[in-house]
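*Asks:* Heads up: the sequence shown at position 247 corresponds to 248 in this note's numbering, and the numbers run straight through without jumps.
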Amino acid sequence: MPLTNFVKDLAAAVTELETAGTAKGAEQVVVDVLKPTADRGARVLLQGHGDKQFIRMNSNSYLGLAMRDNIVAAEEAAAQKFGVGPGAVRFISGTYEPHVQLEKKLAAFHGREACMLTSAAYTSVLGVISTLATPETIILSDELNHNCIINAMKLARPKAKRIYKHLNMAEMEKQIQECVGQCECLLVITDGVFSMRGVYAPLKEMCAIVEKYNHNFPRDIVLIVDDSHGVGSMGDTGRGTEELCGAKGVDILVATLGKALGVNGGYICSRKEVIHFLREKNPFYIYTNPITPSEATAAMAGLDMLDSPEGKKIVAHLHAMTKKFEQGLVDLGYETIPSPHPVTPLMLRDTERTTRCVSFLRENGVLATGLNFPVVPKGDQSIRFQVCADHQAGDIDYVLGVLEKFKNV
Ligand SMILES: Cc1ncc(COP(=O)(O)O)c(C=O)c1O
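1) Give the residues whose C-beta lies closer than 6 Å to at least one heavy atom of ligand 1, in chain order.
2) Does the distance from the C-beta atom of L66 to that of F55 stay below 8 Å?
3) Return the bridge partner residues of S131 from the DSSP annotation.
4) Which runs of the alpha helix (DSSP H) at least 4 residues long sit entirely within the stretch 92-133? Give them in chain order.
5) I think I164 touches V189, with their Cβ atoms under 8 Å apart; what is that distance to the nearest whole Å?
6) Could you check what DSSP says for Q81 in three-state terms: helix, strand or coil?
7) List in chain order: all unbroken beta strand (DSSP E) runs of 3+ residues lying wholly within the stretch 321-383.
8) Over what stretch of residues does the beta strand (DSSP E) that includes C186 continue unbroken?
9) Rounding to the nearest angstrom, what Cα-Cα distance links G51 and E212 in this structure?
10) Please say whether G266 and I287 have beta carbons closer to each other than 8 Å?
11) If we call anything under 8 Å between Cβ atoms a contact, is Y63 one with L319?
12) What first and last residue would you give for the beta strand (DSSP E) that runs through F55?
13) Would you list, in sequence order, the uninterrupted alpha helix (DSSP H) runs of no fewer than 4 residues that lie entirely inside the stretch 8-52?
14) Are the stretch 132-139 and the stretch 179-188 in contact at 8 Å, needing three or more beta carbon pairs?
15) Which one or two residues does DSSP pair with C270 in a beta bridge?
16) I'd like to check one pair, A256 with S229: are the Cβ atoms closer than 8 Å?
17) Report yes or no: is there a C-beta of chain C within less than 8 Å of the C-beta of G303?
18) Just how far apart, CA to CA, sit M117 and V344?
19) In the DSSP output, which residue or residues are listed as bridge partners for K162?
20) From the DSSP output, read off the bridge partner residues of R385.
21) By DSSP's criteria, F195 is part of a beta bridge. Which residues make up the other side?
22) Is V181 helix, strand or coil when you go by DSSP?
23) Are the stretch 226-246 and the stretch 305-324 touching, with three or more C-beta to C-beta distances below 8 Å?
24) Are the CB atoms of V90 and T298 nearer to each other than 8 Å?
25) Suppose you measure from the CA of H100 to the CA of A300; what does that come to, to the nearest Å?
26) Measuring CB to CB, does I269 end up less than 8 Å from S125?
27) Please confirm whether T238 and K175 have their CB atoms less than 8 Å apart.
28) Do P37 and D391 have their C-beta atoms closer together than 8 Å?
29) If I follow the unbroken beta strand (DSSP E) through V226, where does it start and stop?
30) Measuring only the C-alpha atoms, how far is A80 from E274?
31) Could you check where the alpha helix (DSSP H) with N148 kicks off and where it finishes?
32) Which term fits N6, buried or exposed, when burial requires 16 or more other beta carbons within 10 angstroms of its beta carbon?
33) Helix, strand or coil for T293, going by three-state DSSP, please let me know.
34) Contact defined as beta carbons within less than 8 Å: I believe R57 pairs with L368. What is the distance between those atoms, to the nearest angstrom?
35) Taking G263 as the reference, give the member of M68, M170 and T337 with the closest Cα.
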């Protein structure tokens, strides 16, 4: 089939994005990674840039675990033993010992009865919401929740879908009151950390509100938190936004293995009945391959490291570098949004300046993410920096030095 008209339409749609300046554009290709040293974070080399070294201030690998020798060795050994792919979905013959061990470890780490692995946090959320919502359910979601929650809500067929204003607990409570008598079950869902700005949901307060109204719903209020950006980077032991807030009462915790834990894949923690039900009913678990046994082994090595005295030191260093960077921005007279999370936004509030600053940073060997409308609301144009535990004081000073120069460009 020539597909002449079909592809013409697609090309026009992409041109429209490019003209509006909202296309993602060509992807940067990493061709090499220089390992971190005691006084310098990792550097990457990019295709088309020769030997030029870039410091990555746009990685979700907050703890720098992806390059750790013992974790890479653990993955290699498991690949030798089990091969590089699972060969089947979980219920056929794709369940390997590392999958089961990792599920047990994650459940224990988060103080939950049970855990199930998925191929990504994205599909975890799709599966949880679309599988648990019934025609007698209402879903209530923060307006700035991640795209996976938005798409999960599109996929689900509940009685109603409601959105509350970003982090507005008074409005969330009011909406819960309005749902009383309207449904049997209420699913309340939020990101733990909102990845554009590094701000986080007040989970302790949310748990208290949910507890206050739970008796009004015959099949309970279920509080679901996607803490993909919080696990590993929030709280003294990296247990995430729950730990930071001192929250007890999150019913279903979703997170990723692909950010702070440095590997790939997602997981869901909850009561054992919830996990058992999802293993039987969740199509995003049943009909798709799991992560590889070697990825599960690497994630276990990452989790063991996080949950050790060394892990606590790594998390403390991440928090110290984050504070140093945030304070440095303030000292330079820049606007940021204070948060303990390593996502540190530089609020430029101007599209042209944001684009220019990202280019200036890149020319000077710094990779950071420009966020322009419509990714962020007009007026919130910013650059998202992500601090990583392998960054050292000299790295942070270097990036701040580039930003100081940019003030005079
Ligand atoms: C809240 C949230 N959920 C899910 C994801 C996706 O995680 P994964 O790559 O494991 O699908 C992200 C990543 O940006 C995220 O911020």
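By construction, the Cβ of each residue, glycine as well, lies at the ideal position given by its N, Cα and C atoms.
*Replies:* This is what the structure gives:
1) Going by the Cβ distance cut-off, the answer is A121, A122, Y123, H147, C149, D192, S196, D227, S229, H230, T257, G259 and G267.
2) Counted from its first residue, the sequence shown places residue 66 at position 65. Counted from its first residue, the sequence shown places residue 55 at position 54. Result no, Cβ atoms of L66 and F55 do not sit closer than 8 Å.
3) For this step, residue 131 is matched to residue 130 along the sequence shown. Beta-bridge pairing links S131 to no other residue.
4) 98-110 and 122-133
5) Here residue 164 refers to the residue found at position 163 when the sequence shown is read from its first residue. Here residue 189 refers to the residue found at position 188 when the sequence shown is read from its first residue. Contact flag wrong, Cβ pair sits at about 12 Å.
6) Against the sequence shown, residue 81 aligns to sequence position 80. Residue state, collapsed to three classes: helix.
7) 344-348 and 370-372
8) Walking along the sequence shown from the start, residue 186 turns up at place 185. Element bounds for C186: C186 to D192.
9) Residue 51 sits at position 50 when you count from the first residue of the sequence shown. Residue 212 sits at position 211 when you count from the first residue of the sequence shown. So the two alpha carbons sit approximately 57 Å from each other.
10) Position 286 of the sequence shown, counted from the start, is the residue given in the question as residue 287. Position 265 of the sequence shown, counted from the start, is the residue given in the question as residue 266. When the beta-carbon positions are compared, I287 and G266 stay at least 8 Å from each other.
11) Working through the sequence shown from its first residue, we reach residue 63 at position 62. Working through the sequence shown from its first residue, we reach residue 319 at position 318. Yes. Within cutoff.
12) Counting from 1 along the sequence shown, the entry for residue 55 is found at position 54. Start and end: F55 to R57.
13) none
14) Verdict: yes, contact present.
15) Counting from one through the sequence shown, the residue named residue 270 turns up at place 269. The partner list for C270 (beta bridge, DSSP) reads C116 and L254.
16) Start at 1 with the first residue of the sequence shown, and residue 229 comes out as number 228. Start at 1 with the first residue of the sequence shown, and residue 256 comes out as number 255. Cβ atoms of S229 and A256: closer than 8 Å.
17) Included in the structure is just one protein chain, with no chain C present.
18) Start at 1 with the first residue of the sequence shown, and residue 117 comes out as number 116. Start at 1 with the first residue of the sequence shown, and residue 344 comes out as number 343. About 27 Å.
19) Within the sequence shown, numbered from 1, the residue matching residue 162 stands at position 161. In the DSSP output, where bridge partners are listed per residue, K162 has I140.
20) Counted from its first residue, the sequence shown places residue 385 at position 384. DSSP lists P346 and T370 as partners of R385.
21) By one-based count along the sequence shown, residue 195 stands at place 194. Bridge partners of F195: V200.
22) By 1-based counting over the sequence shown, the position of residue 181 is 180. The answer is coil: DSSP assigns V181 none of H, G, I, E or B.
23) yes
24) Here residue 90 is taken as the residue at index 89 of the sequence shown, counted from 1. Here residue 298 is taken as the residue at index 297 of the sequence shown, counted from 1. Contact flag unset, no.
25) Looking up residue 100 in the sequence shown gives position 99. Looking up residue 300 in the sequence shown gives position 299. The alpha-carbon atoms of H100 and A300 are separated by roughly 10 Å.
26) What you label residue 269 is simply residue 268 of the sequence shown in a count that begins at 1. What you label residue 125 is simply residue 124 of the sequence shown in a count that begins at 1. Against a cut-off of 8 Å, the Cβ pair of S125 and I269 comes out as a contact.
27) Along the sequence shown, one-based indexing puts residue 238 at 237. Along the sequence shown, one-based indexing puts residue 175 at 174. No; because the gap between Cβ atoms is not below 8 Å, this pair is not in contact.
28) Locating residue 37 in the sequence shown gives position 36, counting from the first residue. Locating residue 391 in the sequence shown gives position 390, counting from the first residue. Cβ distance < 8 Å, so P37 and D391 count as in contact.
29) As a first step, residue 226 must be located in the sequence shown, where it is residue number 225. Residues I222 to D227.
30) The residue given as residue 80 occupies position 79 in the sequence shown. The residue given as residue 274 occupies position 273 in the sequence shown. Distance between the alpha carbons of A80 and E274 is about 32 Å.
31) Position 147 of the sequence shown holds residue 148. Counting along the chain, the alpha helix (DSSP H) containing N148 begins and ends at N148 to L156.
32) For this step, residue 6 is matched to residue 5 along the sequence shown. Classification of N6: exposed, given that the 10 Å Cβ count is below 16.
33) The residue given as residue 293 occupies position 292 in the sequence shown. T293 falls in the coil class under three-state DSSP.
34) The count along the sequence shown starts at 1 and reaches residue 57 at position 56. The count along the sequence shown starts at 1 and reaches residue 368 at position 367. R57 to L368, Cβ: 5 Å. Contact.
35) Locating residue 263 in the sequence shown gives position 262, counting from the first residue. Nearest option by C-alpha distance: M68.
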